[in-house]
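Taking the working numbering, the leading residue of the sequence shown gets 68, the next gets one more, and so forth. C-beta: ideal position from N, C-alpha, C; glycine also. Structure first, commentary second.
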Amino acid sequence: MSPRGPGGQHDGTVPAQEGPPTRPRAAASSGRGASSGRTGRPPATSRAEILAAARRLIDRDGWEALTIRRLAAETGVGATTLYHHVRDKDDLIVQLVNEHVDQVARPDLPAEPRDRIIVAWTAIHDALASWPWGAEVLTADGFLARLGDSALWFVETIVGGAVDHGCTHLQAVDLFRSIWYYTVGEILVRAHTVQRRDGIGDADSEFSLRTLDPSRYPNLAAIGDEWPSRASLDLYPRVLQIMVDGLLNEARASRH
């Protein structure tokens, strides 16, 4: 997937060393170096605490505000401590996505391979639609290697369904990737539309094509005010079925 997802880098500064740099032995032996001068919430040093703090930060300020530096401030520890648990912002979000998918119940799978593909894709879509910022970091190739067992189960179900329907393994990969592009795009367009409307109020509702010159754009001008209402429809279930059927049929035809 060619587009590069946002984030993916920490803030570019070298993480500050924890504790006074000139007296590391005293801090380690006394046990007071890490806690000296700290008040309020105790330092979070476990992976679970760090992920919980990241979720709080995202829920409060939005995923765009998530940086290693801000997460360090949220947890009350230095950035060096965080880097023991996460490599960078992308890795942090992938861990959050994996944790989120771990809580998603695996759907009952129908007997027909084609239907298994649709059920699995619907579950993936619904899980990511509730956390659209998670889809942002999964818009670049290579993300599969970073997914946990729960997420990989859905991928295996889709690829396996395509193979059971008669696709080769490579055709199954093409099917997965094609629908992945559509799924992530649909989620992000809707999420960004909501975000934009929150920022500009009702101005977006004034979008219309009826001001276009019908002699130059007869079809668009004929649609006029109907475009916004159509854009708000949830067509994902229907389009998903059309894409699955079309890709499966094309794969089958290419083998004869």
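Given residue i as reference, the closest of the options once Cα atoms are compared
| i | options | result |
| --- | --- | --- |
| Ala187 | Leu205, Gly209, Arg154, Trp247 | Trp247 |
| Gly233 | Val153, Asp312, Ala140, Ile135 | Asp312 |
| His236 | Ala318, Leu124, Ala196, Leu149 | Ala318 |
| Thr206 | His259, Gln170, Thr250, Val226 | Thr250 |
| His259 | Leu242, Ser299, Phe243 | Ser299 |
| Arg322 | Gln238, Pro285, Ser282, Leu242 | Gln238 |
Distance, residue j Cα to residue i Cα
| i | j | result |
| --- | --- | --- |
| Leu315 | Arg183 | 13 Å |
| Leu307 | His192 | 10 Å |
| Ser275 | Glu203 | 29 Å |
| Val230 | Ala288 | 45 Å |
| Glu141 | Pro180 | 46 Å |
| Gly252 | Asp301 | 13 Å |
| Met310 | Gly129 | 32 Å |
| Glu223 | Ala320 | 23 Å |
| Ile290 | Arg257 | 21 Å |
| Thr14 | Arg297 | Lying outside 68 to 323, the shown extent of the chain, residue 14 is not represented and no answer is given. |
| Tyr150 | Ala194 | 27 Å |
| Pro174 | Gly215 | 17 Å |
| Asn286 | Asp280 | 10 Å |
| Gly228 | Phe243 | 10 Å |
| Glu293 | Arg127 | 35 Å |
| Ala115 | Trp198 | 18 Å |
| Ala139 | Arg263 | 29 Å |
| Val226 | Tyr284 | 42 Å |
| Ala119 | Ser282 | 57 Å |
Integer Cβ distance of residue i from residue j, believed to fall under 8 Å
| i | j | result |
| --- | --- | --- |
| Leu163 | Arg122 | 7 Å |
| Ile117 | Ala196 | About 25 Å separates the two Cβ atoms, so there is no contact after all. |
Counted within 10 angstroms of its Cβ, other Cβ atoms place residue i as buried (16 or more) or exposed
| i | result |
| --- | --- |
| Glu131 | exposed |
| Ile185 | buried |
| Val240 | exposed |
| Val261 | exposed |
| Leu211 | exposed |
| Ile135 | buried |
| Ala172 | exposed |
| Gly209 | exposed |
| Ala178 | exposed |
| Pro88 | Because the pLDDT of Pro88 is 42, which lies under 50, any placement of that residue in the model is unreliable, and the question is left without a value. |
| Gly104 | Confidence is the limiting factor: at Gly104 the pLDDT is only 44, short of 50, which leaves the residue's position unreliable, though a coordinate-based value still follows. Label assigned to Gly104: exposed. |
Whether residue i touches residue j by CB criterion (8 Å)
| i | j | result |
| --- | --- | --- |
| Val168 | Leu159 | no |
| Pro304 | Thr189 | yes |
| Thr148 | Thr112 | yes |
| Ile125 | Trp200 | yes |
| Asn165 | Ser217 | yes |
| Val161 | Arg213 | yes |
| Leu133 | Lys156 | yes |
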